[in-house]
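Only one structure is covered here, and it is reproduced in the block below.
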Amino acid sequence: MKYVLITGGTSGIGFAMAGEFLERGYGVILASSSRKNLAIAKRKLEVKKSKIVKSTRYIITIEQDLSVEGGAERLYHKAKTLGVDIEILVNNAGFGLTGGTESINIKDDKKMIQLIVTAPVCLCKLFLRDMYEKGRGKILNVASTGAFQPGPYTSTYFAGKSFIYSYSRAIRQEAAVRGVVVSTLCPGTTRTKFFEKEGLKTPIWAMSAERTAKIAVDGLMRGRGVIVPGIINNVLRLIPSGIKMYFVGILKR
11 MKYVLITGGT
21 SGIGFAMAGE
31 FLERGYGVIL
41 ASSSRKNLAI
51 AKRKLEVKKS
61 KIVKSTRYII
71 TIEQDLSVEG
81 GAERLYHKAK
91 TLGVDIEILV
101 NNAGFGLTGG
111 TESINIKDDK
121 KMIQLIVTAP
131 VCLCKLFLRD
141 MYEKGRGKIL
151 NVASTGAFQP
161 GPYTSTYFAG
171 KSFIYSYSRA
181 IRQEAAVRGV
191 VVSTLCPGTT
201 RTKFFEKEGL
211 KTPIWAMSAE
221 RTAKIAVDGL
231 MRGRGVIVPG
241 IINNVLRLIP
251 SGIKMYFVGI
261 LKR
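Count along the sequence shown from 1, then add 10; that gives the number in this note's numbering.
So this is what it looks like as structure tokens:
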């Protein structure tokens, strides 16, 4: 049995991807900072996938906060002690902050940077070593369409996703010669709890997490470099970044 480790796998796109991987015959390891959310997610997956999941061993949970220093390393060691074959790593955990850069709490910004930038880099480094030894494996780093332009009033988040987009594409080239696939997912607006956490309403044009997850997993398994779900998101990608930045500033202000 091959396993997929998904950070931020208890809700939204991460949870939907867990269901997708189960349907494709993988075991899943969900990582989250919330023990309660892990238990709820595991129960939901067991109910939804009861025809597929014959053993609770197919769904494993690890409680670990990745927004603290050393969190990624601790998650890696916890995953290694399971003694299972982790074939795929999905770096999905994250949250966003909105407001003028001077108004956002510095501690909150640091926590977000740790979660969406530092932790994915550390996990890539650690798991790539194992994958190189096996000569196989896949990594899916979740960026955002926000990676394609600066984001006024959500500056750190967009910059962080831009970093992941660049970093992920770079290590894809490094990993390819070692038999490992690295893909980057750039979802647009998605119907998840993300906007609630930002204190914003979910736009009516948002894609479902389930549809986004299916496109993401399909793209990863096909070895695609950059995965942008949805026609609208692909069209918007062609608009000059200065124009997009202007409208992001209006929407987020």
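Note that beta-carbon positions come from the ideal geometry of N, C-alpha and C, so glycine has one too.
Strand pairing of residue i, partner residues [DSSP]
i    : result
M217 : T200
L15  : I39, L99
V236 : T194
Where the beta strand (DSSP E) through residue i begins and ends
i    : result
V191 : 191-195
E73  : 69-73
Host alpha helix (DSSP H) of residue i (start-end)
i    : result
S42  : Where S42 is concerned, there is no enclosing alpha helix (DSSP H), although the beta strand (DSSP E) it sits in stretches over 37-42.
N244 : 241-246
S251 : 251-262
L85  : 81-90
R53  : 45-58
G265 : Look at the range of the chain in this structure, 11 to 263, and you will see that residue 265 is not part of it.
Distance between beta carbons of residue j and residue i, contact taken as under 8 Å
i    : j    : result
M217 : P239 : 6 Å
G198 : T155 : 4 Å
F32  : A89  : Per the sequence shown, residue 32 should be read as Leu rather than Phe. L32 to A89, Cβ: 18 Å. No contact.
V127 : G170 : 5 Å
S42  : G18  : 7 Å
L125 : G110 : 21 Å between Cβ atoms; not a contact.
A157 : C196 : 6 Å
E73  : R53  : At roughly 16 Å, the Cβ-Cβ gap does not stay under 8 Å, so E73 and R53 are not in contact.
V227 : M11  : Their Cβ separation, rounded to whole angstroms, is 17 Å, which puts V227 and M11 out of contact at 8 Å.
L85  : L76  : 7 Å
G335 : G189 : Outside the modelled stretch of the chain, which goes from 11 to 263, sits residue 335, for which no answer is possible.
G306 : V236 : Missing from the structure shown is residue 306; the chain here goes from 11 to 263 and no further.
V191 : G233 : 5 Å
Minimum Cβ-Cβ distance from residue i to chain D less than 8 Å
i   : result
E79 : The structure shown contains no chain D, having only a single protein chain.
Closer than 7 Å: residue i CB and nearest the ligand SAH heavy atom
i    : result
Y256 : For the structure depicted, the ligand SAH is absent and the ligand set is empty, with no information on it obtainable.
Next on the checklist: For a minimum of 4 consecutive residues, which ranges assigned as the alpha helix (DSSP H) are wholly contained in the stretch 96-182?
Outcome noted: 116-123, 129-144
Assess, as a yes-or-no matter, whether the stretch 139-155 is touched by the stretch 88-99 under the definition of 3 or more beta carbon pairs within less than 8 Å.
yes
(message) Counting beta carbon pairs with one atom in the stretch 159-173 and one in the stretch 116-127, are three or more of them shorter than 8 Å?
(response) yes
Would you check if the stretch 219-230 and the stretch 174-185 touch, i.e. whether three or more CB-CB distances between them fall below 8 Å? Put simply, the stretch 174-185 does not touch the stretch 219-230. Fewer than three CB pairs are less than 8 Å apart.
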